[in-house]
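Asker: Below you will find the structure I want to go over with you.
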Amino acid sequence: MQMLKLLRGALLLLLLGSMPVLAKNPLMAPAADQNPKPEPGKALLVFLRPSAMGGMYSSTVYDAPDEATRFLGVVNYKHRLAVQMTPGQHRMMVVGENADFVDVTLDADKTYYLLVRPRPGFGKYRFSLLPLHNRADAEYSLLADYFKEWMDKTHYVSKTPAADAWYEEHKDSVAQKKADYLIKWNKMLPQDRAPLVLNADDGVPAR
């Protein structure tokens, strides 16, 4: 009997040790402004992650043209991250186990939305960036009932100084992942890339 108890205890410890631990992410904090608007002459780009899938894994997002990479923040489950952007064309990137991209064209004084979608990878989670379009027939639409549900279940966050320190420590790894996955991105045919484009008319005018 004593041996059976010891075996059960050892098995329990093994199971607990194999489970991922959910810890509060110190890199992000609730944003002071929970109703952000575009600054004058700027566009507001919002990343949102409503899915609980892979909730213990973080995604990081960037403004990622060829010549530079600007770290924007960490987007976890139930997070929304709003970023003031210069109007015009940008390539945005999300990084997890992989890197993924989306092209955006932004108008001033409008708010745009990108969905951070997790999917299983090889031991960790991968992430995709998907544009939310301002039309009813889109696969991912701002006009659908689920968009309001996503907004209700998420909240705005902002970077802490620890987030920028994290990026300084990991920027070489991020740059390598960007370079590796851009090879695949640049080989995509225009018709395959078309669903991964956020257009200027997808923005919601500021009120």
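Mapped onto our numbering, the consecutive letters of the sequence shown carry residue numbers 41 to 247.
A virtual CB, placed ideally from N, CA and C, is assigned to each residue, including glycine.
#1: So is aspartate 242 buried or exposed if we call it buried at 16+ other beta carbons inside 10 Å?
#2: Take lysine 217 as the anchor and find which of Ala92, Pro70, Thr100 has the nearest alpha-carbon.
#3: Should proline 245 and aspartate 149 be called a contact, given that it needs their Cβ atoms to be closer than 8 Å?
#4: Could you name the residues of the same chain whose beta carbon sits closer than 7 Å to that of alanine 69, not counting the 5 residues immediately before and after it, in chain order?
#5: Report the start-end ranges of each beta strand (DSSP E) in the stretch 184-212 that is 3 residues or longer and not cut off at the edges.
#6: Leaving out the 5 sequence neighbours to the left and right, which residues in its chain are closer than 7 Å to valine 214 when beta-carbon positions are compared?
#7: For leucine 183 versus arginine 175, is the C-beta spacing smaller than 8 Å?
#8: Judging by CA-CA distance, which residue of Thr126, Trp190, Ala92 is the nearest neighbour of leucine 154?
#9: Using only the alpha-carbon positions, how far apart do lysine 193 and proline 90 sit?
#10: Taking only runs that begin and end inside the stretch 139-170, name each unbroken beta strand (DSSP E) of 3 or more residues, in chain order.
Answerer: Let me spell this out:
#1: buried
#2: Thr100
#3: yes
#4: When the five nearest sequence neighbours on each side are left out, the beta carbons in the same chain lying within less than 7 Å of the beta carbon of alanine 69 are those of Val197, Ser198, Thr200, in order along the chain.
#5: 195-199
#6: Thr109, Val135
#7: yes
#8: Trp190
#9: 7 Å
#10: 139-146, 150-160
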